[in-house]
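Working notes, structure below.
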Amino acid sequence: MDTQFAQRRRRDLIMAACLAVVAALVPLFVKDVYVQNIMVLTLMYAALSQSWNILSGYCGQISLGHALYFGLGAYTTALLFTKFGVLPWFGMLAGGAISAVIAMALGYPCFRLRGHYFVIATIVIAEIALVLIQNWDWAGAALGIDIPVRGDSWLKFQFTRSKLPYFYFALALACIAWFVTWWLEDSKWGYWWRAVKDNPDAAESLGVVVFNSKMGAAAVSAFLVAVGGSFYAQFVSYIDPESVMGFQFSLLMALPAVLGGIGTLWGPVLGAVILIPLTELTRSFIGGSGRGVDLIVYGALIVVISLALPRGLVSVFSMLTGRKEAAR
Amino acid sequence: MTALLETRGVWQRFGGLVANSDVSISVGRGEIVGLIGPNGAGKSTLFNLIAGVLPPTQGSIIFDGEDVTRLPAAERCQHGVGRTFQVVKSFETMTVIDNVIVGALIRNTKMRIARQKAYEVLEFCGLAARADKLAADLVPSEKRRLEVARALATEPKLLLLDEVLTGLTPVEAQTGVELVRKVRATGVTVLMVEHVMEIVMPLVDRAIVLNLGKVLVEGKPTEVVRNPEVISAYLGDRHAVGA
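In order, the protein sequence lines correspond to chains A and B. Residue numbering for the first sequence follows my numbering, beginning at 4 and increasing consecutively. Residue numbering for the second sequence follows my numbering, beginning at 178 and increasing consecutively.
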């Protein structure tokens, strides 16, 4: 049984590597900029959702305020670049670090709350942060920040002529988030987080310091989401509070993981690959009427999936192989 | 040698309710001690105090020569207190072996070794065949054994068993009794709460009877069951007269 477990882990890793290679080759055949744009967003949301999944899926602390860390990443990078000329690469790390620290500072009081109360706290805190940024003149207030174009370069992480560099960066980000999850899954933290999610009292009795476990999950999760936010700022080159810290981002991070399979390794990827293109396509094909038909279709689909497959889309695979534990 | 566990004048009050009043007990190394008493006697509260779920209102708890009164549950586990829960608390979405790995991780930092260790504990508890099943799919008696396995994986010096034998069929209960004996044979001290007298009495070296939050009597199981006070606590005064 020991080898079986090791085999499954290796199989996951090989599968991920194969998928990454295939994904990397796609732009060679798909030249359409609109489609490439969707692919970038899909990969970005896969990465974000994978990061969200660490705190909310594995550790079971459902956050609907992760837009806060996304926005922090975006703002840190944009502000450091426009005000101090700091390269986005450093901004990215700074944004990640700041987010991780803030996640722990917020976790300190919030992790004493359980269940719904915790969820509400995350929503409220993100909304407060949004209002604060909207009124912070130095950071552009409600108008936001225009990131000046200084020519295409990897150093400044700006590309105006092609979306490909963004695509490859988003792919790398998705791979990193996946790999971090894969690696943590079979680490002390991974076991602790799942134990905390399933039964904090039992976990505590087995020597798991529940509070610290949650703090660790929050820090890792926030760091990765902030890096995603930094990327997004560079990608769209203009940010304002609502467009990087709005509540919809919190939802869009949670949905792929929830639909794909919350607390699973493949859930977020699977969810993002299905959900994000669907969002974009319904918007462009039936969203033109202005009556919100796209949102109705989109919402209906989410309801159908969650009713038919309450354990997420990954459970289809475990049904096929007839093994329950494959859903992990 | 000094006792492994000692509670000194422990009180626990919940508002106006006194769950434990002035409880002083001691458990020697290698003993199997039964903690018995009618419903509401304060057994579970005392267990929670020893396991560190909550600090006592008053009094102190000495474990392995150290005052652990103020230590939280996770640190008590580190010191060597393992426990099971009366209402089983399996990690339902995790496999059986993963449940046990959580416990094994406190003494083993290498994942491969923790997994190995967890597997050995499952074999010891007769659950190895179920290792890759989800904990949610176990039958109740298996879940009870998983509780024990998980606690054993933390390599406790003292194992607190909270009604692990209650609600089992006679055959299952007998298997449970044998498991407890096996655990003791490995050098682990056992303190167990049980309701079912006929199961506990042959198993334990010593019985402590709690009633209304106080220690009523303690002694050899054969003596304890004949004690008029114990009979009256369980069955009412009328029955105690004849004893």
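A virtual CB, placed ideally from N, CA and C, is assigned to each residue, including glycine.
Span of the alpha helix (DSSP H), counted from its first residue to its last, around residue i
i	result
Met248 (chain A)	244-248
Asp339 (chain B)	Note, Asp339 (chain B): premise wrong, no alpha helix (DSSP H); beta strand (DSSP E) at 335-339.
Glu319 (chain B)	317-330
Asn404 (chain B)	Unbroken run through Asn404 (chain B): none, as it is neither H nor E.
Trp269 (chain A)	Per DSSP, Trp269 (chain A) belongs to no alpha helix (DSSP H) and is neither H nor E.
Asp35 (chain A)	Element bounds for Asp35 (chain A): n/a, residue is neither H nor E.
Val365 (chain B)	Run containing Val365 (chain B): none; DSSP gives neither H nor E here.
Val377 (chain B)	374-380
Lys294 (chain B)	288-301
Asp297 (chain A)	296-311
Inter-residue Cα distance where the pair is residue i and residue j
i	j	result
Ser246 (chain A)	Ile17 (chain A)	36 Å
Glu208 (chain B)	Cys21 (chain A)	57 Å
Leu62 (chain A)	Ala221 (chain A)	The question names Leu, but residue 62 (chain A) in the sequence shown is Cys. Approximately 9 Å, taken between the alpha carbons.
Gly232 (chain A)	Phe73 (chain A)	4 Å
Gln263 (chain B)	Val341 (chain B)	7 Å
Gly68 (chain A)	Met47 (chain A)	18 Å
Glu349 (chain B)	His372 (chain B)	16 Å
Ser54 (chain A)	Thr366 (chain B)	44 Å
Leu109 (chain A)	Val127 (chain A)	12 Å
Asn138 (chain A)	Phe84 (chain A)	20 Å
Gly413 (chain B)	Tyr296 (chain B)	47 Å
Ser165 (chain A)	Leu304 (chain A)	33 Å
Thr80 (chain A)	Pro280 (chain A)	27 Å
Pro112 (chain A)	Ile105 (chain A)	12 Å
Ser240 (chain A)	Pro233 (chain B)	59 Å
Glu406 (chain B)	Gly192 (chain B)	28 Å
Leu312 (chain A)	Val319 (chain A)	8 Å
Gly118 (chain A)	Ser208 (chain A)	20 Å
Leu258 (chain A)	Ser52 (chain A)	8 Å
Val152 (chain A)	Gln161 (chain A)	7 Å
Phe288 (chain A)	Val296 (chain A)	10 Å
Ala205 (chain A)	Phe114 (chain A)	17 Å
Tyr301 (chain A)	Ala27 (chain A)	28 Å
Val306 (chain A)	Gly315 (chain A)	12 Å
Val213 (chain A)	Pro203 (chain A)	7 Å
Asp199 (chain B)	Ala410 (chain B)	18 Å
Ala97 (chain A)	Thr163 (chain A)	24 Å
Ala50 (chain A)	Ala173 (chain A)	8 Å
Reference residue i, options the options, closest by Cα
i	options	result
Ile148 (chain A)	A:Gln237, A:Ser156, A:Ile299	A:Gln237
Asp241 (chain B)	B:Lys334, B:Pro233, B:Leu194	B:Lys334
Asn197 (chain B)	B:Asn388, B:Pro215, B:Ser267, B:Val370	B:Asn388
Leu187 (chain A)	B:Ala313, B:Met288, B:Leu368, B:Cys302	B:Met288
Leu393 (chain B)	B:Leu182, B:Gly192, B:Ala218	B:Ala218
Thr267 (chain A)	B:Ala305, B:Thr270, B:Val277	B:Thr270
Gln251 (chain A)	A:Val104, A:Phe320, A:Leu298	A:Leu298
Ser318 (chain B)	B:Ala328, B:Gly303, B:Val360	B:Gly303
Cys254 (chain B)	B:Val381, B:Thr184, B:Leu336, B:Thr363	B:Leu336
Val401 (chain B)	B:Thr184, B:Ser237, B:Val195, B:Gly211	B:Gly211
Glu375 (chain B)	B:Thr399, B:Leu356, B:Glu324	B:Thr399
Gly274 (chain A)	A:Met256, A:Met248, A:Ala206	A:Met256
Ile265 (chain A)	A:Lys200, A:Ile179, A:Val24	A:Lys200
Met248 (chain A)	A:Leu133, A:Leu323, A:Arg12	A:Leu133
Lys359 (chain B)	B:Phe301, B:Arg415, B:Leu315, B:Val316	B:Phe301
Gly364 (chain B)	B:Leu231, B:Val200, B:Glu332	B:Glu332
Ile65 (chain A)	A:Ser224, A:Val306, A:Val307	A:Ser224
Trp157 (chain A)	A:Tyr37, A:Leu90, A:Gln39	A:Leu90
Asp314 (chain B)	B:Asp244, B:Gly236, B:Ala291, B:Phe268	B:Phe268
Integer Cβ distance of residue i from residue j, believed to fall under 8 Å
i	j	result
Leu311 (chain B)	Thr272 (chain B)	6 Å
Ile242 (chain A)	Ala77 (chain A)	5 Å
Ser203 (chain B)	Ala180 (chain B)	4 Å
Arg383 (chain B)	Glu395 (chain B)	7 Å
Leu368 (chain B)	Ala326 (chain B)	Not a contact, Cβ separation roughly 18 Å.
Pro244 (chain A)	Ala103 (chain A)	About 21 Å separates the two Cβ atoms, so there is no contact after all.
Leu323 (chain B)	Asn276 (chain B)	6 Å
Phe224 (chain B)	Val370 (chain B)	6 Å
Any C-beta of chain C under 7 Å from that of residue i
i	result
Arg197 (chain A)	The displayed structure is made up of protein chains A and B, and chain C is not among them.
Residue span of the beta strand (DSSP E) that contains residue i, given as start and end
i	result
Asp199 (chain B)	194-204
Ala220 (chain A)	That residue, Ala220 (chain A), is in no beta strand (DSSP E); its alpha helix (DSSP H) goes 213-239.
Leu393 (chain B)	391-396
Glu183 (chain B)	182-191
Val386 (chain B)	383-388
Could you pull out every unbroken alpha helix (DSSP H) segment of at least 4 residues lying fully inside the stretch 213-283 of chain B, listed in chain order?
220-228, 250-256, 273-281
Could you tell me which uninterrupted alpha helix (DSSP H) segments, each at least 4 residues in length, are contained entirely in the stretch 108-163 of chain A, listed from first to last along the chain?
119-137
For a minimum of 4 consecutive residues, which ranges assigned as the alpha helix (DSSP H) are wholly contained in the stretch 181-209 of chain A?
191-201, 203-208
As an exercise, report each continuous alpha helix (DSSP H) stretch of at least 4 residues that is fully enclosed by the stretch 50-116 of chain A, in chain order.
70-87, 91-113
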